[in-house]
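One structure is given below, encoded as structure tokens.
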Amino acid sequence: MTTNEGFRSGFACFIGRPNVGKSTLMNALVGTKVAITSNRPQTTRRAIRGIVHRPDAQLIVVDTPGLHKPRTLLGERLDSLVRSTLTEVDAIGFCVPADEKVGPGDKYIARELAGIKKTPIVAIVTKTDLTPPERVAEQLMAVGQLGDFADIVPCSAADGFQVDLVGDLLIQHLPEGMPLYPEGDLTDEPEQVLVAELIREAALEGVRDELPHSIAVVVDEMAPREGRDDFMDVYAHLYVERDSQKGIIIGHKGSRLREVGSGARKQIEALLGTKVYLDLRVSVLKEWQRDPKHLRRLGFYD
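Heads up, our numbering is the position in the sequence shown plus 14, with the first residue counted as 1.
Have a look at this one:
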């Protein structure tokens, strides 16, 4: 632990429409994968904390689900999770992608943020690698008109452009204080939650658009194999809402599920630093996104 004078530590969160690069940016800041990323909107379902260690600061980044007008009970719970997070952080990063025009969703969030008076907001134009510099300049102007921001910064998590600057701008708004987590910790998420998220990410790869919201993953059991310190047994359940979705996940003669298991296993082994046996089962839990009892069972609390 450091006792350096002037050391800053605290929390910042990223907010933005679904799929604007919030998780990718957090992973880039932390330097490793602590949040799942996907080209599907609404990939993130929990406020995951990634920890950025600097010699002069410790920044805890809370990656929230995308803020949107909810259509299901799950959507309402995700929305209230975002709102409660906004009131608890020291700084907010408002993410708007460079490659899409400022739209109703961005304006909706900007209006919500305008009601937060005491927390500094840094506007971040993400995905600058996907568009020419003159388009980025136009987007910076457009974002500047959305509100009164402490800073506006363009960046790209994909090629690292100004990622450190994003960290600097958020850190300058943190209070002075001791580190909140030990050196070397990169997230405070329990391993089982991270493993479940990695399985869900693998399950989202290449499936049709209607599936993402309908997949939930629960790790039923995770323990070292008896007599083997270098081997972990993981038993997990993928839950979908309809039989047709179960068919999509499993694929012809189980081919799709084998791909999901193989992709997830590699990621889990990298996370845990050990060999993994992964047992995946798929079950139908009808309309789980709308059922309070099912939501609690799957870990989405009020």
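Glycine included, each C-beta is placed from N, C-alpha and C at the ideal position.
Beta-carbon gap between residue i and residue j smaller than 8 angstroms
i, j, result
"G107", "I138", "yes"
"L183", "Y253", "no"
"F21", "M192", "yes"
"L39", "A171", "yes"
"W302", "E235", "no"
"L294", "E205", "no"
"L160", "A124", "yes"
"V177", "L271", "no"
First through last residue of the beta strand (DSSP E) which encompasses residue i
i, result
"R295", "289–298"
"L252", "245–254"
"P238", "230–238"
"P168", "165–168"
Cross-strand partners of residue i (DSSP beta bridge)
i, result
"L73", "G24, V66"
"T140", "P111"
Proximal residues to residue i (C-beta, below 6 angstroms), its chain only, five neighbours per side dropped
i, result
"Q153", "A112, V139"
"Y291", "D247"
"L212", "A278, Q281, I282"
"A105", "A26, P134, L184, H187"
"V116", "A156"
Supposed contact pair residue j and residue i - C-beta distance, whole angstroms, cut 8 angstroms
i, j, result
"V274", "A250", "Incorrect: roughly 10 angstroms between the Cβ atoms, too far for contact."
"H67", "E197", "6 angstroms"
"V296", "K260", "5 angstroms"
C-beta neighbour in chain D for residue i, strict 8 angstroms
i, result
"V233", "Among the chains in the structure shown there is no chain D, since it carries only a single protein chain."
Neighbourhood of residue i by C-beta, 8 angstroms cutoff - its chain only, sequence neighbours within 5 removed
i, result
"F175", "T142, D143, P168, C169"
Cutoff 7 angstroms; reference residue i; Cβ partners in own chain excluding five residues on either side
i, result
"S23", "A71, Q72, L188, G191, M192, P193, L194"
"S52", "For S52, the predicted structure reports a pLDDT of 43, less than 50, and the residue's modelled location is therefore unreliable. The matter cannot be settled from this model."
"T145", "A112, D113"
"A128", "G161"
"V233", "Q206, V209, A210, V248, A250"
"D120", "R31, V110, L160"
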